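Peer 1: Per the numbering used here, the sequence shown starts with residue 601, numbered consecutively. Note that the Cβ used here is the ideal one computed from N, Cα and C, for glycine as well. Note that the coordinates shown come from a computational prediction; the quantities given were computed from them, not determined experimentally.
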Amino acid sequence: MSNDPLSRVLEAVLLAAGRPVGVEQLRELFEENERPTADDVRAALAELEASCADRAFELREVASGWRVQVRPQYAEVVSRLWQERPSRYSRALLETLALIAYRQPITRGEIEDIRGVTVSATIMRTLQERNWIRVVGHREVPGRPELLGTTRDFLDYFGLKSLDDLPTLAELRDLDDIKVQLEFPGGAPAPEVPSLPAPAAIDEAEDESAVEDDEPAAAPESDAPTLVAGPPDVPQS
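(1) For residue 735, which residues from the same chain have a beta carbon less than 6 Å from its beta carbon, with the 5 sequence-adjacent residues on both sides left out?
(2) Label residue 718 either buried or exposed according to how many other C-beta atoms from any shown protein chain fall within 10 Å of its C-beta, with 16 as the threshold for buried.
(3) In terms of DSSP beta bridges, what is residue 702 paired with?
(4) From residue 636 to residue 642, what does the alpha carbon distance come to, in whole angstroms?
(5) Quick one: Cα of residue 611 to Cα of residue 624, how far?
(6) Could you name the residues of the same chain whose beta carbon sits closer than 6 Å to that of residue 644, not counting the 5 residues immediately before and after it, in chain order?
(7) Check residue 740 in the structure and name its three-state DSSP category.
(8) Smallest Cα separation from residue 694: which of 618, 758, 617 and 765?
Encoded structure:
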């Protein structure tokens, strides 16, 4: 190994990885006779985080580990590197995802009871294809409906270490405060993504599709809380 400070070596690793890397994974990259302790790695990460203070990128800890990502204020410009038209997720999909995140474990029927409309198969398929939700068990009632919960990929995308980092429902406004920036194509770096809405019933008809190509979701007011993250399958630097 070179004589460079450990923080410099970890910076190179995280830039190359393009995904979150955990402390133990970082340790395993070193030969056994020169492997740093977990405390050494955490100290080096803290040093690296501080050194990024005046840079266009930041070091962020999410559920799967640590990653280097573009700061949100530069995401709009950087996203222009990719020419693909971004996907825009419907209000119905975001409401469904929010209910799963805040009320999990929850059944599809319970989601429909709260929203007052049927959850379309397209929405469920989209959430599963994004690997944002999974089946965590079955409700012990007739029919044993599936219980749904969020995944580690959901936490990573929204820049969360755990569900405890979700904004409280008291911090969130109503469903009109959703800002959809889940719209960056595969190469997008660390955009600022929407604040998740509090569960609430709606009186609008169910969206036919989970992804809307023409109509973006409503934007939040400037003081609505947001979560910062980037797509888990995107190299970020």
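Peer 2: Checking against the coordinates, here is how it stands:
(1) If we look at residue 735 and ignore the five residues flanking it on each side, its Cβ neighbours are 746.
(2) Classification for residue 718: exposed.
(3) Note: residue 702 sits in no beta bridge, so no partner.
(4) C-alpha separation (whole angstroms): 10 Å.
(5) A direct Cα-Cα distance of roughly 15 Å separates residue 611 from residue 624.
(6) Counting only Cβ-Cβ distances below 6 Å, and skipping sequence neighbours, we find 606, 607 and 610.
(7) In the displayed model, residue 740 falls within coil according to three-state DSSP, outside both helix and strand.
(8) Of the listed residues, the one whose Cα sits closest to residue 694 is 758.
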